[in-house]
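Residue numbers in the sequence shown follow the numbering used here, run continuously in steps of one, and reach 394 at the last position.
Below you'll find the structure, written out as structure tokens, and then a few comments.
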Amino acid sequence: MAIDKLKRWVSFYANDENVSPQSRQLSASGSHLSYAAKAGLTVRFALVAILILLFLWYSFSVLLLVFCAIVLAVLLRAVGMELQRYAHISEGLALGIVASSVVMFLAALIALATPTLVDQAQVLANTIPRAFSTLKQQLSQFGWGQELLIQLDITKTQLLDFLSGQSALFQRLGGVFATTFDVLAATFVIVLMGIYLAAEPGLYINGFLQLFPRHRRPRLEAVLQRSNTMLKGWFIGQLLSMSMLGVL
Numbered sequence: 147m148a149i150d151k152l153k154r155w156v157s158f159y160a161n162d163e164n165v166s167p168q169s170r171q172l173s174a175s176g177s178h179l180s181y182a183a184k185a186g187l188t189v190r191f192a193l194v195a196i197l198i199l200l201f202l203w204y205s206f207s208v209l210l211l212v213f214c215a216i217v218l219a220v221l222l223r224a225v226g227m228e229l230q231r232y233a234h235i236s237e238g239l240a241l242g243i244v245a246s247s248v249v250m251f252l253a254a255l256i257a258l259a260t261p262t263l264v265d266q267a268q269v270l271a272n273t274i275p276r277a278f279s280t281l282k283q284q285l286s287q288f289g290w291g292q293e294l295l296i297q298l299d300i301t302k303t304q305l306l307d308f309l310s311g312q313s314a315l316f317q318r319l320g321g322v323f324a325t326t327f328d329v330l331a332a333t334f335v336i337v338l339m340g341i342y343l344a345a346e347p348g349l350y351i352n353g354f355l356q357l358f359p360r361h362r363r364p365r366l367e368a369v370l371q372r373s374n375t376m377l378k379g380w381f382i383g384q385l386l387s388m389s390m391l392g393v394l
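What follows is the structure in structure tokens.
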């Protein structure tokens, strides 16, 4: 008897005509809400991805400085650990010696390169006006060259004034010195950040891991350790490659 009642109950509700309009409306609304939730989730993911891309685009220079500082910190740390092992000195002293050596090397490089850059800038500033003047004279010897100069509305006086004018010259030299200053400032920031990262790597690694969920931190820490090992191997490979090129 119980089995017969169960069969009649299943057959009754299996028939679409016996389903109430309220049940159909609730089912349709639930399906509609599920599609709306999926669409909203997709839009949110798209917005987050766009924001991340915009952040990476506008902060590319900052991220590049941070990456260079991390690479420098790994180098300082690796050389400092080797110096500590062979010289039997403290970790702080070994790192200080390596960092001081890097700073002195960069200072000597800048001191040696600056006069050469200044001389080359002066030679370039004196050569370009003469080169353009010679080009203008050669073009004026041909008919098509004269027509070209006329179309460009550049006379000899205007060309020489434009190229040898003090304002244009100072603007070009100012741009060169501004670029040089930017490079020096970026180098200073990279060296300073690299020294700080090499001095207290555990502090910055722990602070970085705090940004992620607790169950993800061991995996991220293992990835960072693996990256450190790979960077050290890359440095050794680059040194060997440069040594072989120098010998050849």
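Even glycine gets a Cβ: it sits at the ideal position worked out from N, Cα and C.
Rounded separation between residue i and residue j - CA only
i      : j      : result
ALA267 : LEU391 : 31 Å
ILE382 : LEU229 : 15 Å
GLY348 : LEU355 : 10 Å
MET376 : PRO275 : 51 Å
PHE201 : PHE191 : 15 Å
LEU315 : VAL269 : A caution first: LEU315 carries a pLDDT of 48, below 50, which makes its placement in the model unreliable, though a value can still be read off. Cα to Cα, LEU315 sits roughly 12 Å from VAL269.
LEU370 : THR273 : 52 Å
MET227 : LEU239 : 10 Å
LEU385 : LEU209 : 26 Å
ARG231 : SER246 : 18 Å
GLN284 : ALA271 : 21 Å
Contact under 8 Å by Cβ, residue i with residue j
i      : j      : result
LYS378 : VAL244 : no
LEU255 : VAL337 : no
MET339 : ALA215 : yes
LEU211 : ALA345 : no
THR333 : LEU252 : yes
LEU343 : TYR350 : yes
Of the listed residues the options, nearest to residue i (C-alpha basis)
i      : options                           : result
ILE341 : VAL248, GLU293, LEU199 and PHE191 : VAL248
SER207 : ARG372, ALA331 and PHE288         : ALA331
PHE213 : SER246, ASN374 and SER389         : ASN374
Boundaries of the alpha helix (DSSP H) in which residue i is found, first to last residue
i      : result
ARG363 : 363-393
ARG360 : ARG360 -> no alpha helix (DSSP H), and no H or E assigned at all.
SER236 : It is not in any alpha helix (DSSP H) - SER236 carries neither H nor E in the DSSP assignment.
PHE354 : 347-355
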